[in-house]
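Participant:
In my numbering, the protein residues as written are 48 to 330.
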């Protein structure tokens, strides 16, 4: 079993833990570009390599080392949404459909031939967590097992991707999850859904940074970022053409709490206004 190198301060890779429990050898090369890494893969003498969420570059000789090659899981309908955050971005863009691809990786970024694909619906109120944990993760396990069976039977497809239709997005990090309350309420809601549970869409009000998680799109009008209502149900914030009702948030202490509880703890009240995003404020 091959895993990514351990990271300081983080729990061990569950795959590594499982492999050790089963008495399987575990290898964690820091790079796949070395002759030693290639020899390590060759020495395994495997029939097939299965990859998922691999962020290190893997050269073609390593991919070709197993007798039947290498297949990889990617959580989008390739060639759409190539890149490392391919679940977040379709939600942020307001897409109503996504899916997963099992493909034969090459040295390009998510460019190899497709073995199979599965589609899933993105519900209007579904979050990143909903789409991944309830749909793409379990369906991905089934799809990978189906793919292994097809490879074993010599029936695995290799359908070239239409590169003219490709899209690519980079990491969906904290900097892209800052909320611009002047944007249409639907766009703001999509951003919040795409960042829930991570990295958390956020804003700043009276100097207090807050991540917004559970929320709804509601009616309302006011200055962009203005807190219109603050009650036991949540904190309603004006956006373009509507408003967002934030129910669960996370403040500086790192704990997720009810929006009203957080607001009371830091002295936020109705009428206060969220700051413009840093990029706008600097203009």
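A virtual CB, placed ideally from N, CA and C, is assigned to each residue, including glycine.
Bridge partners of residue 280, per DSSP?
Facilitator: In the DSSP output, where bridge partners are listed per residue, residue 280 has none listed.
Participant: So, for residue 295: in the same chain, excluding its five sequence neighbours on each side, which residues have a beta-carbon less than 6 Å away from its beta-carbon?
Facilitator: Excluding residues within five positions, the ones whose Cβ falls inside 6 Å are 260, 261, 303.
Participant: Determine whether the beta carbon atoms of residue 268 and residue 216 lie at a separation below 9 Å.
Facilitator: No; because the gap between Cβ atoms is not below 9 Å, this pair is not in contact.
Participant: Starting from residue 98, trace the beta strand (DSSP E) both ways and give me its first and last residue.
Facilitator: Where residue 98 is concerned, the enclosing beta strand (DSSP E) stretches over 96-99.
Participant: Can you give, in chain order, each stretch of the alpha helix (DSSP H) that sits fully within the segment 216-253 and has at least 4 residues?
Facilitator: Here the runs fully enclosed are 232-241.
Participant: Starting from the Cα of residue 298, find the closest Cα among 250, 176, 68, 91 and give me that residue.
Facilitator: Considering only alpha carbons, the answer is 250.
Participant: Leaving out five residues before and five after residue 126 in sequence, what residues of the same chain have Cβ atoms less than 8 Å from its Cβ?
Facilitator: Hits under 8 Å: 157, 158, 208, 209, 210, 212, 213, 214.
Participant: Who pairs with residue 128 in a beta bridge, going by DSSP?
Facilitator: Answer is none; residue 128 lacks a bridge partner.
Participant: Can you tell me which of the three DSSP states residue 48 falls into?
Facilitator: It is coil, neither helix nor strand.
Participant: If residue 190 sits next to residue 197, beta carbons under 8 Å apart, how far is it from one beta carbon to the other, in whole angstroms?
Facilitator: Residue 190 to residue 197, Cβ: 10 Å. No contact.
Participant: I need the straight-line Cα distance from residue 55 to residue 265, nearest angstrom please.
Facilitator: Roughly 42 Å separates the two Cα atoms.
Participant: According to DSSP, is residue 65 helix, strand or coil?
Facilitator: Of the three classes helix, strand and coil, the one that applies to residue 65 here is helix, per DSSP.
Participant: Just the C-alpha distance for residue 287 and residue 51, rounded to the nearest angstrom, thanks.
Facilitator: Roughly 43 Å separates the two Cα atoms.
Participant: Under DSSP, the beta strand (DSSP E) around residue 264 begins and ends at which residues?
Facilitator: 262-265 is the extent of the beta strand (DSSP E) around residue 264.
Participant: Are the CB atoms of residue 76 and residue 62 within a distance shorter than 9 Å?
Facilitator: Not in contact: residue 62 and residue 76 (Cβ atoms no closer than 9 Å).
Participant: Count the other C-beta atoms from every protein chain shown that fall within 10 angstroms of the C-beta of residue 313, then say buried if there are 16 or more, exposed otherwise.
Facilitator: Exposed: under 16 other Cβ atoms inside 10 Å.
Participant: Would you kindly report the start and end of the unbroken alpha helix (DSSP H) that includes residue 164?
Facilitator: Note, residue 164: premise wrong, no alpha helix (DSSP H); beta strand (DSSP E) at 161-168.
Participant: Name the one or two DSSP bridge partners that residue 143 has.
Facilitator: Paired residues: none, contrary to the question.
Participant: Out of curiosity, what's the CA-to-CA distance linking residue 83 and residue 65?
Facilitator: Between residue 83 and residue 65, the C-alpha separation is close to 25 Å.
Participant: Are residue 151 and residue 241 touching if we call contact CB-CB under 9 Å?
Facilitator: Cβ distance not < 9 Å, so residue 151 and residue 241 don't count as in contact.
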